[in-house]
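Numbering (numbering that gives the first Met the number 0), first residue to last: 0 to 200.
We put the beta carbon where it would ideally sit given N, CA and C, even for glycine.
Remember, it's a predicted structure, so these values are computed and weren't measured experimentally.
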Amino acid sequence: MQALGDRRQFQSIRGYRSVEAWTGPDNLSARVETKYQVPGQMSRELHILNTSIYSSVSGVKEGVKGEETVGSNRRPLSSGEARDLLYEAASHPIVLIAQFVQGKTRFRYIGVRAFEGRQVALLERVDASKPRLRISIDAETGLLRTVETTLLRSGVGLVQVRESYDDYRRVNGVRTPMHRQSSVDGQQTTESVYQEFQFLR
């Protein structure tokens, strides 16, 4: 916690805005603009192959709902698509730490393991109403290195999604990761470099 910044900095964090340079399979590149607000509002604009895809998701009492717009075409997102987009945005390391500091989420200690040649402490979120989520914290630096989530995807089943973070830099006094690598069931899917990052308070 102290490695990231003063605890008081996290008390007022309610979300973030970010701009990422995204690289996917076959070196396909995109620009991704994301806005996430606690407890469950997010929007994302994906600019890829001269096309802009706008998605918005909100968590409501009836569940998670969202829609996607491409040009003049608009369609509702399936509950699974909306849920996955929201979980991805809500699982950013700074959001998770802020939620912990604010007493809105809890973690339990699992143990120590090796990750890329380093010792990391593994913690699991305590919340039966949400997918299983584990974070690993570098034992030497105190920085959060991975967020692992088990998700149920329609037509696929359970998948293990891992987001690995590094290149921490200070943003308004908080050390924030500016590089992310994503994988599903051990296969790398995307790599992102944050070009802009702003906290919402």
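Report task. For residue 98, I'd like the list of residues in its chain whose CB is within less than 6 angstroms of its CB, leaving aside the five on either flank, ordered along the chain. Result -> 104
Requested in this report: Taking only the alpha-carbon atoms, compute the straight-line gap between residue 138 and residue 129 and give it to the nearest angstrom.
Outcome: 27 angstroms
Query - Cα-Cα separation, residue 121 to residue 134 - result: 6 angstroms
Query raised in the report: In whole angstroms, what separates the C-alpha of residue 26 from that of residue 94?
Result: 29 angstroms
Report task. Please specify which runs of the beta strand (DSSP E), each continuous and at least 3 residues long, are wholly inside the stretch 93 to 155, giving them in chain order. Result -> 106 to 114, 117 to 124, 132 to 137 and 143 to 152
Requested in this report: Let me know the secondary structure DSSP gives residue 2 once reduced to three states.
Outcome: coil
**Report entry** chain D within 8 angstroms of residue 168, Cβ atoms only
**Finding:** Looking at the structure shown, chain D is missing, and only one protein chain is on hand.
Query raised in the report: Looking only at C-alpha atoms, which of 183, 175, 42 and 58 sits nearest to residue 158?
Result: 183
**Report entry** Same chain, Cβ closer than 6 angstroms to residue 190, neighbours up to 5 away in sequence not counted
**Finding:** 22 and 180
Report task. Can you tell me which of the three DSSP states residue 72 falls into? Result -> strand
Query raised in the report: Going by the beta-carbon positions, is the gap between residue 58 and residue 75 smaller than 8 angstroms?
Result: no
Report task. Please report how far the alpha carbon of residue 198 lies from the alpha carbon of residue 32, in whole angstroms. Result -> 14 angstroms
Query - Which listed residue (40, 101 and 123) has its alpha carbon closest to that of residue 111 - result: 123
Query raised in the report: So, are the CB atoms of residue 9 and residue 96 less than 8 angstroms apart?
Result: yes
Query raised in the report: In angstroms, rounded to a whole number, what distance separates the CA positions of residue 41 and residue 56?
Result: 5 angstroms
**Report entry** residue 179 - containing beta strand (DSSP E), residue span
**Finding:** 173 to 183
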